[in-house]
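Here the structure is laid out as structure tokens; the discussion comes afterwards.
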Amino acid sequence: MMEIQTSTLPGHGLLPLVVEPTGGESPSSHVLAEYINAHRDWLNLQLHINGGVLFRGFALREVAEFQLVARAILPQLLPYVEGQSPRTKVIDNVYTSTEFPPQYTITPHNELSYTKSPPPRIVFHCHIAPGEGGETPIFDFRKVYAEMDSRLRSRFEQAGVKYVKNMHGQERGLGKSWMEHFETSDRNVVEGYLHENDIDFAWSNDGTLKTWSIRPATLQHPVTGEWHWFNQANLWHVTNIDERHRAQLLARVGEENLPTHAYYGDGGKIADEDLDLVRQIMWDNAVIFPWQQGDVLVLDNFLVAHGRMPFKGPRKILVAMG
29 MMEIQTSTLP
39 GHGLLPLVVE
49 PTGGESPSSH
59 VLAEYINAHR
69 DWLNLQLHIN
79 GGVLFRGFAL
89 REVAEFQLVA
99 RAILPQLLPY
109 VEGQSPRTKV
119 IDNVYTSTEF
129 PPQYTITPHN
139 ELSYTKSPPP
149 RIVFHCHIAP
159 GEGGETPIFD
169 FRKVYAEMDS
179 RLRSRFEQAG
189 VKYVKNMHGQ
199 ERGLGKSWME
209 HFETSDRNVV
219 EGYLHENDID
229 FAWSNDGTLK
239 TWSIRPATLQ
249 HPVTGEWHWF
259 NQANLWHVTN
269 IDERHRAQLL
279 ARVGEENLPT
289 HAYYGDGGKI
299 ADEDLDLVRQ
309 IMWDNAVIFP
319 WQQGDVLVLD
329 NFLVAHGRMP
339 FKGPRKILVA
349 MG
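Note that the numbering used here has the sequence shown beginning at 29, numbered continuously upward.
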């Protein structure tokens with residue numbers, strides 16, 4: 029059996045736990061998958077304590093090799109239904125992490141936290157290391173919950189978050205189409221999903237689908253019992269867009285027709301300055317480290333959020349969730 033050594037990144041506390049093989053060699057994906065299968069309870073414990081585990085120094089070069097490791101980590105790989113980010117499916121339930129333009133920062137978020145059943149785990153793989161920048165910052169949302177202004181936290185907890193989305197029905201348009209969101213062009217399939225997942229909706233004559241749902245703003249972890257921040261108000265709200273482009277977008281479509289927007293669950297508007305505070309507390313807890321080719325990063329998607337830093341040059345980070 030392969031032997032490993034564990035460590036942490038300098039200056040970053042327990043997140044993430046770094047797992048590396050000993051002996052100077054780079055074991056294959058099959059060896060890593062076998063190790064994970066044999067030490068599943070240990071991995072689960074580390075994820076609950078640390079929030080994330082970084083496997084580094086393993087020889088993963090092909091997409092199928094990452095899929096093998098992801099399947100060892102996750103009981104079932106899930107499709108990216110309801111996803112906001114532009115992504116390409118590379119192989120069965122393995123996607124590019126995002127194809128959002130490289131000059132932009134992606135704000136912290138737990139994957140699919142606005143859905144009825146978010147994935148408990150998310151796994152990233154560095155297939156091509158970025159030339160410059162392109163880190164995937166991670167954030168312990170237990171700390172964000174603890175440091176949040178008590179008044180603001182109480183307001184979010186009492187009301188929840190209302191997520192509103194407008195999805196066009198064309199081949200090209202503003203944001204992703206509803207066909208891309210739900211990975212189907214069958215309206216009946218989409219409506220069945222929306223009913224099943226407690227999402228209200230309305231169709232427009234031009235084929236646009238508008239959806240809205242109310243979700244919790246914080247959660248208690250199902251295993252550890254810890255409370256943590258768990259919403260994407262900071263990402264869905266129009267203030268996530270820079271001021272110039274925000275003004276242009278609002279002038280073009282109006283608040284009612286924004287691709288995404290967020291309110292309190294009771295319909296109240298979330299103050300811009302409150303979201304500024306939320307974002308500041310998140311970034312105060314950022315853990316940022318450079319990717320190395322072959323890295324596999326496993327996160328407890330309830331406890332730990334992620335984002336993306338701007339980059340130059342090639343970059344290919346793959347993702348699976350389940």
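Beta carbons: idealized from backbone N, C-alpha and C, even for Gly.
For the stretch 118–177, the full-length beta strand (DSSP E) segments reaching 3 residues or more read 122–124, 134–137, 149–156 and 166–168 along the chain. By the neighbour-count criterion, in which a residue is buried when 16 or more other Cβ atoms sit within 10 angstroms of its Cβ, Q95 is buried. W240 sits in a strand when the DSSP states are folded into three classes. In the DSSP annotation of this structure, A245 is not part of any beta strand (DSSP E), being labelled neither H nor E. A straight line joining the alpha-carbon of H289 with that of L202 spans about 14 Å.
Assignment of A66 by DSSP, reduced to helix, strand and coil, places it in the helix class. Taken atom to atom, the span from the alpha-carbon of T246 to that of I32 is near 36 Å. Three or more Cβ pairs drawn from the stretch 80–95 and the stretch 45–52 lie within less than 8 Å of each other, which places the two stretches in contact. Under the three-state reduction of DSSP output, N259 falls in the coil class, being neither helix nor strand. The C-alpha of R183 is placed about 14 Å away from the C-alpha of I242.
Collapsing the DSSP output to three states places I77 in a helix. Assignment of beta-bridge partners to S232 by DSSP yields no partner. The Cβ-Cβ distance between T124 and L346 falls below 8 Å.
In this structure, K204 lies near P114, with their beta-carbon atoms less than 8 Å apart. Boundaries cannot be given for V266, as no alpha helix (DSSP H) includes it and DSSP labels it neither H nor E. The way I'd put it, the stretch 172–192 doesn't touch the stretch 104–121; fewer than three beta-carbon pairs between them come closer than 8 Å. Distances from the CA of S54 to each of R89, N65 and G39 were compared; the closest alpha carbon is that of R89. Between G80 and P342, the C-beta gap is not smaller than 8 Å, which leaves the two residues out of contact.
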